[in-house]
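These notes are about the structure you will find just below.
In UniProt numbering, the protein residues as written are 1 to 399.
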């Protein structure tokens, strides 16, 4: 009779260990963080998506739309919102047909192969990293120009990078919980600013003429500015971390609805409070609007209160961008954890944030690069990957 010692021999133990390693999910084998499955739920995923998309409203976002569309800037935001589901459909199509547990990075290499897949994944990394250092520079310039004018820009960048790096290093679960706590405060403060701005001053004929700079220009610009929702690419990292795949659509549609409402309402209210052409002359529209609010004799100068929530939103958005940059690069390099890349990428973001020569240069890079070509990364590349999978599956069925 075989003894237990023979059955538990080192050779058998080695084979068992090897089989266990081979049975790991693709995300663990490819180098994503060794975290527990079923980390975050619908509320956390929705909150991360909302904050990552809408934080741009605290930057010179409304002014850039007014420059492009004039009095019809609100229509550009509406067209971009209508096109935003394209990103969601493409990501859903990729992840549903990939190996269970795969992120967008895993699925892209699985479909395209190691060479083309790595090139596309590097493009995704560049997209998230560009968001990180450009938004970092813009918020630092906002604080230096309007809040702390005597503070050097490099000191402000470091002051922002420290909490951003710490939050990103903690991982997606911490980010989700913080975003869920903060999202109501952020959206609520925006609503208060919009209502206060309208009560303080509103021009009845602010949206006249209807087509602003021209119907063809507004429609074309609206299609190009579909990149306003390009941050929804973050769902490629969030959806595999959810408890149930049946809840994917619920998170995505709630994110799109709240984000579209916020972007559209801030744009149209801005035109009523600061009618065109004044709308193209203000540096930070939402901050200037908050300065106008007067709720009676004793409630004035509320911008200092709202600034706190906006800083929270900026830190969370940048932490999400830094996390996605580190997670995508770790999966490309097949590292076991993403945390070792967070602080090196933060230092790299600091260096890149100093590249624009001025605040207006940083704003121009954001408008001319991210908000013009961002849809290539968020719509074109995922759609192309999804179509490649459909074509490959059709060929397999024919053969």
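Where is the CB? At the ideal position from N, CA and C, for every residue including glycine.
Since we're looking at a predicted model, the values are computed, not measured.
By the Cβ-count criterion, residue 289 is buried, with 16 or more other Cβ atoms from all chains shown falling within 10 Å of its own Cβ. Spanning the alpha carbons of residue 106 and residue 385 requires a straight line of approximately 12 Å.
Beta-bridge annotation (DSSP): residue 242 is paired with 40. Here DSSP, grouped into helix, strand and coil, assigns residue 97 to helix.
Its Cα nearest to that of residue 369, the residue 129 stands out among 330, 129, 114. Between residue 228 and residue 77, the C-beta spacing is below 8 Å. By the neighbour-count criterion, in which 16 or more other beta carbons inside 10 Å mark a residue as buried, residue 47 falls on the buried side. With a 10 Å radius around the Cβ and a threshold of 16 neighbouring Cβ atoms, residue 234 comes out buried. Burial check for residue 325: the Cβ neighbour count within 10 Å reaches 16 or more, so the residue is buried.
Residue 223 and residue 41 have their C-alpha atoms some 32 Å from each other. Across the set 92, 338, 351, 210, the C-alpha of 338 shows the shortest separation from the C-alpha of residue 171. Around the beta carbon of residue 82, fewer than 16 other beta carbons lie within 10 angstroms, which makes this residue exposed.
Between residue 218 and residue 75 a beta carbon distance of about 5 Å is seen, short of the 8 Å cut, so the two are scored as contacting. Every unbroken stretch of the alpha helix (DSSP H) spanning 4 or more residues and falling wholly within the region 198-237 is given here in chain order: 215-224. Collapsing the DSSP output to three states places residue 283 in coil.
Taken through DSSP and simplified to helix, strand or coil, residue 337 comes out as coil. Residue ranges of uninterrupted alpha helix (DSSP H) with 4 or more members, entirely inside the region 139-175 and ordered along the chain, are 153-170. In its chain, beyond the 5 residues on either side, 133 have a beta carbon closer than 6 Å to the beta carbon of residue 352. The beta-carbon separation of residue 293 and residue 188, rounded to 14 Å, does not stay under the 8 Å limit for a contact. Residue 115 counts as exposed, since fewer than 16 other C-beta atoms from the protein chains shown sit within 10 angstroms of its C-beta. The C-beta of residue 305 has fewer than 16 other C-beta atoms within 10 Å across all chains shown, which makes the residue exposed.
In this structure, residue 381 sits near residue 123, with a CB-CB distance shorter than 8 Å.
Leaving aside the five residues that flank residue 250 on each side, the residues in its chain whose CB is nearer than 7 Å to its CB run, in chain order, 42. If you ignore the 5 residues before and after residue 317, its C-beta comes within less than 7 Å of the C-beta of 51, 52, 55, 135, all in its own chain and listed in chain order. In this structure, residue 108 lies away from residue 209, with their beta-carbon atoms at least 8 Å apart. In the DSSP annotation of this structure, the continuous segment of the alpha helix (DSSP H) that includes residue 270 starts and ends at 248-273. Taking C-beta atoms as the reference points, residue 206 and residue 282 fail to come closer than 8 Å. In this structure, the beta-carbon distance from residue 262 to residue 185 does not fall below 8 Å. The residue from 327, 213, 113, 355 with its alpha-carbon nearest to that of residue 241 is 327.
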